[in-house]
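J.:
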Amino acid sequence: MNNRKQVVLVVMDGVGFSKTGLGDAVSLANTPVLDNLLKTCPNTRLKAHGTAVGLPSDDDMGNSEVGHNALGCGQIYSQGAKLVNESIESGKMFNSDSWKEALSNVKRNDSLLHFLGLLSDGNVHSNISHLIVMLKRAKEEGVKEVCVHILLDGRDVPATSALQYVQQLEDCITGLNDDEFHCCITSGGGRMKVTMDRYQADWGMVELGWKTHVKGEGRQFDSAKEAIETYRAELDVIDQDLPAFVIAKDGEPLGTVSGQDSVILYNFRGDRALEISMAFDYEEFSFFNRGPKLNCYYAGMLEYDGDLHIPRHYLVNPPEIKNTLSELLVDAGLSQYAVSETQKYGHVTYFWNGNRSAKFSETLETFKEIPSDKVSFDERPWMKSAEITDDVIEAIKSEKYDFIRCNYPNGDMVGHTGNLDATITGVEAVDLGLARLIKVCDEYNVTLLVTADHGNADEMLEKNKKGELQVRTAHSLNPVSFIIYDKKNIYTIKEGSYGLANVAPTIAAILSLKAPECWEESMI
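The numbers in my numbering rise by one with no breaks, and the one at position 60 of the sequence shown is 248.
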């Protein structure tokens with residue numbers, strides 16, 4: 189064994205500290221290892237939402253993308269809704285080349301302007317307020333016909349709240365429509381059934397979205413409200429699982445996409461926007477039978493992948509995240525290893541590295557993806573925790589890497605299903621992984637850091653306006669742990685209030701590296 193210092197970071201995705209005790213799968217789970225770490229090791233609680241991760245306010249829940257951005261760069265950047273809000277308020281969005289060309293295209297061709305996106309105010313993937321502002325602006329700028337394709341949430345907002353957002357949108361449309369302007373909802377479906385796949389795990393979702401939104405194929409209804417109420421009565425499912433629907437009149441869909449139309453995807457988060465963007469943008473496309481590339485003008489709210497430049501056109505420039513931990517390690521000649529299963533692989537690589545697909549060094553960075561199961565995660569709540577643990581242990585024993593990071597997705601992905609019992613099992617699977625890692629860390633003199641990117645499993649029930657308990661599938665606003673396990677017990681966490689952006693400086697301090705001046709402070 190050599191004397192190389194190894195640091196391992198475990199991200200227990202979606203595992204926070206409950207403030208309400210409602211549906212707290214973390215406390216209900218049998219987690220002897222995590223419990224012991226919190227009792228015996230230096231630890232603190234980190235803020236993982238709102239202003240700590242660059243979101244507009246502390247009413248905004250964190251998410252895995254902004255969480256891993258903050259973890260990986262040691263800084264707080266304006267993100268998501270805040271970034272779009274700033275662009276709208278400054279007028280930059282409507283002065284962007286993409287907005288101008290999208291509108292010029294439909295006015296020039298007397299064609300349709302389509303908006304596609306998640307219809308909620310969850311502020312994780314989208315915000316309905318952005319859609320409403322764009323609808324009003326499109327009318328002001330002389331657009332005549334607008335179609336809105338809605339994806340139903342029930343994940344970042346209450347599980348059966350879709351009708352309130354549909355009503356908000358319909359009220360806006362009613363106020364805008366007149367002899368010179370016409371807008372209507374033309375298609376939709378639940379976000380976990382239609383369009384919003386990620387990491388190319390299920391292209392069938394995207395194909396269904398293409399058929400629904402673009403071709404107008406599918407079960408027809410007179411209105412979105414009718415579709416939602418009908419599916420709820422027939423299937424008894426929450427919003428994210430509602431099937432696709434098409435709004436039609438006399439058997440004809442109201443909003444198919446033609447080659448002369450413009451389409452704007454108004455989601456700002458990238459992971460579930462990439463695949464539908466590829467379907468619109470790619471000349472050569474083989475993931476499903478799309479047919480020839482449509483000649484419509486397509487733009488996203490943001491550039492969802494800065495290295496692959498997806499999409500080619502976008503309304504708001506992304507944050508330019510610089511001075512990441514990975515860059516610091518590469519500059520110091522230190523090697524790093526990142527692993528997770530498919531559902532969170534992009535988080536420990538792309539988002540961790542500041543929204544970059546490419547590595548900073550092919551020699552010093554090694555990434556490993558373990559394919560996720562293609563089933564509902566409450567059916568196999570252990571997910572790939574054992575395989576991830578196997579892989580991290582192998583990486584430690586190889587003694588090739590100075591810094592190893594992994595993500596256990598269980599608390600988040602199983603938590604999103606709303607199944608409390610399954611989520612308890614998922615959290616327990618992560619604890620078993622920690623038990624195995626600690627043994628190897630002791631043997632190889634490794635410093636183990638344990639944290640999370642946001643809460644979820646810690647708050648799976650909530651009270652509605654009537655005071656009744658209902659299932660909660662969204663992330664929580666709760667803090668997350670930061671634990672330092674080292675058998676030599678040589679570290680002390682300073683007094684203070686910390687967030688996710690303080691993790692990278694702490695890792696740098698453990699590795700005896702000088703952090704950039706723009707970073708937050710180290711916790712040790």
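Virtual Cβ for every residue (Gly too), placed ideally from N, Cα, C.
Counting along the chain, where does the alpha helix (DSSP H) carrying Thr232 start and finish?
T.: Within the sequence shown, numbered from 1, the residue matching residue 232 stands at position 44. Per DSSP, Thr232 belongs to no alpha helix (DSSP H); it is in the beta strand (DSSP E), Asn231 to Lys235.
J.: What residue ranges within the stretch 444-480 form continuous alpha helix (DSSP H) runs of no fewer than 4 residues, ordered along the chain?
T.: DSSP runs (the alpha helix (DSSP H)) wholly in the stretch 444-480: 462-469.
J.: When burial is assigned at 16 or more other CB atoms within 10 Å of the CB, is Ile426 buried or exposed?
T.: Residue numbering aside, residue 426 sits at position 238 when the sequence shown is read from its first letter. Buried, because 16 or more other Cβ atoms sit within 10 Å of the Cβ of Ile426.
J.: For the alpha helix (DSSP H) containing Met322, name the first residue and the last one.
T.: What you label residue 322 is simply residue 134 of the sequence shown in a count that begins at 1. Element bounds for Met322: Ile316 to Glu328.
J.: Out of Val354, Ile338, Val434 and Ile509, state which residue places its alpha-carbon closest to the alpha-carbon of Val451.
T.: Mapped onto the sequence shown, residue 451 falls at position 263. It is Ile338.
J.: Just list the residues that DSSP pairs Phe433 with in beta bridges.
T.: Against the sequence shown, residue 433 aligns to sequence position 245. In the DSSP output, where bridge partners are listed per residue, Phe433 has Gly376.
J.: Between Leu323 and Cys360, how many whole angstroms is the CB-CB distance? I'm expecting something under 8 Å.
T.: For this step, residue 323 is matched to residue 135 along the sequence shown. For this step, residue 360 is matched to residue 172 along the sequence shown. Sure, about 6 Å apart at Cβ, within 8 Å.
J.: State the Cα-Cα distance for the pair Glu414 and Arg407, rounded to the nearest angstrom.
T.: Here the question's residue 414 lines up with position 226 in the sequence shown. Here the question's residue 407 lines up with position 219 in the sequence shown. Near 12 Å, if we compare the C-alpha coordinates of Arg407 and Glu414.
J.: Report the CB separation of Val199 from Thr639 in whole angstroms; it is logged as a contact under 8 Å.
T.: Residue 199 sits at position 11 when you count from the first residue of the sequence shown. Residue 639 sits at position 451 when you count from the first residue of the sequence shown. That belief holds up - the Cβ atoms of Val199 and Thr639 are roughly 6 Å apart, short of 8 Å.
J.: Per the contact definition of three or more C-beta pairs closer than 8 Å, is the stretch 533-552 in contact with the stretch 256-266?
T.: Touching, per the Cβ criterion.
J.: Determine the DSSP secondary structure at Lys627, reduced to helix, strand or coil.
T.: For the purposes of this step, residue 627 is taken as residue 439 along the sequence shown, with counting starting at 1. The answer is helix: DSSP assigns Lys627 an H, G or I state.
J.: May I ask you to verify whether the stretch 477-490 touches the stretch 560-580, counting CB pairs closer than 8 Å and requiring at least 3?
T.: Cβ pair count under 8 Å is below three, so no.
J.: Is the beta carbon of Ala689 less than 8 Å from the beta carbon of Glu708?
T.: Here residue 689 refers to the residue found at position 501 when the sequence shown is read from its first residue. Here residue 708 refers to the residue found at position 520 when the sequence shown is read from its first residue. For Ala689 and Glu708, yes; Cβs fall inside 8 Å.
J.: Using DSSP with H/G/I as helix, E/B as strand and the rest coil, what is Gln263?
T.: Here the question's residue 263 lines up with position 75 in the sequence shown. Coil, per DSSP.
J.: Just mark Ser545 as buried or exposed, buried being the case when its beta carbon has 16 or more other beta carbons within 10 Å.
T.: Counting from one through the sequence shown, the residue named residue 545 turns up at place 357. With fewer than 16 other Cβ atoms within 10 Å, it is exposed.
J.: State the start and end residues of the unbroken alpha helix (DSSP H) segment that holds Glu575.
T.: As a working mapping, residue 575 is identified with position 387 in the sequence shown. It spans Ser573 to Ser586 - the alpha helix (DSSP H) in which Glu575 sits, taken as one unbroken run.
J.: So the alpha helix (DSSP H) Thr219 belongs to, where does it begin and stop?
T.: By one-based count along the sequence shown, residue 219 stands at place 31. Careful: Thr219 lies outside any alpha helix (DSSP H) and carries neither H nor E.
J.: Consult DSSP for Tyr419 and reduce its assignment to one of helix, strand or coil.
T.: Residue mapping note: residue 419 aligns to position 231 of the sequence shown, counting from 1. Note: Tyr419 maps to helix in three-state DSSP.
J.: I need the DSSP call for Ser700, collapsed to helix, strand or coil.
T.: Reading the sequence shown from its first residue, position 512 is the one you call residue 700. Ser700 falls in the coil class under three-state DSSP.
J.: Could you spell out where the alpha helix (DSSP H) holding Leu351 opens and where it closes?
T.: What you label residue 351 is simply residue 163 of the sequence shown in a count that begins at 1. First-last of the alpha helix (DSSP H) with Leu351: Ala350 to Leu364.
J.: By how many angstroms is the C-alpha of Leu306 removed from the C-alpha of Met466?
T.: Locating residue 466 in the sequence shown gives position 278, where the first residue counts as 1. Locating residue 306 in the sequence shown gives position 118, where the first residue counts as 1. Distance between the alpha carbons of Met466 and Leu306 is about 18 Å.
J.: Would you report the Cα separation of Gly603 and Tyr686, rounded to the nearest angstrom?
T.: Numbered from 1 along the sequence shown, position 415 holds the residue referred to as residue 603. Numbered from 1 along the sequence shown, position 498 holds the residue referred to as residue 686. When rounded, the distance between both Cα atoms is 25 Å.
J.: Please report the Cβ distance between Phe369 and Lys327, rounded to the nearest whole angstrom; I am assuming they are in contact, meaning their Cβ atoms lie under 8 Å.
T.: The residue you call residue 369 lines up with position 181 of the sequence shown. The residue you call residue 327 lines up with position 139 of the sequence shown. With a Cβ gap of about 5 Å, Phe369 and Lys327 count as contacting.
J.: For a quick check, are the C-beta atoms of Gly614 and Asn633 less than 8 Å apart?
T.: Mapped onto the sequence shown, residue 614 falls at position 426. Mapped onto the sequence shown, residue 633 falls at position 445. No, the Cβ-Cβ distance between Gly614 and Asn633 is not below 8 Å.
J.: Give me the DSSP bridge partner(s) of Ser528.
T.: Numbered from its first residue, the sequence shown carries residue 528 at position 340. Glu557 and Asn595, per the DSSP bridge assignment.
J.: Just to confirm the assignment, what range does the alpha helix (DSSP H) spanning Ala725 have?
T.: Lying outside 189 to 712, the shown extent of the chain, residue 725 is not represented and no answer is given.
J.: Please work out which residues of its chain come closer than 6 Å, Cβ to Cβ, to Thr611, disregarding the five sequence neighbours upstream and downstream, and give them in chain order.
T.: Walking along the sequence shown from the start, residue 611 turns up at place 423. Cβ neighbours of Thr611 beyond the five flanking positions: Ala213, Val602, Gly603 and Ala645.
J.: Between Leu637, Ala526, Thr444 and Met571, which lies nearest to Glu550 when the distance is taken from Cα to Cα?
T.: Here residue 550 refers to the residue found at position 362 of the sequence shown. Here the closest residue by C-alpha is Ala526.
J.: Just to confirm the assignment, what range does the beta strand (DSSP E) spanning Glu650 have?
T.: Residue 650 sits at position 462 when you count from the first residue of the sequence shown. Residues Leu649 to Lys651.
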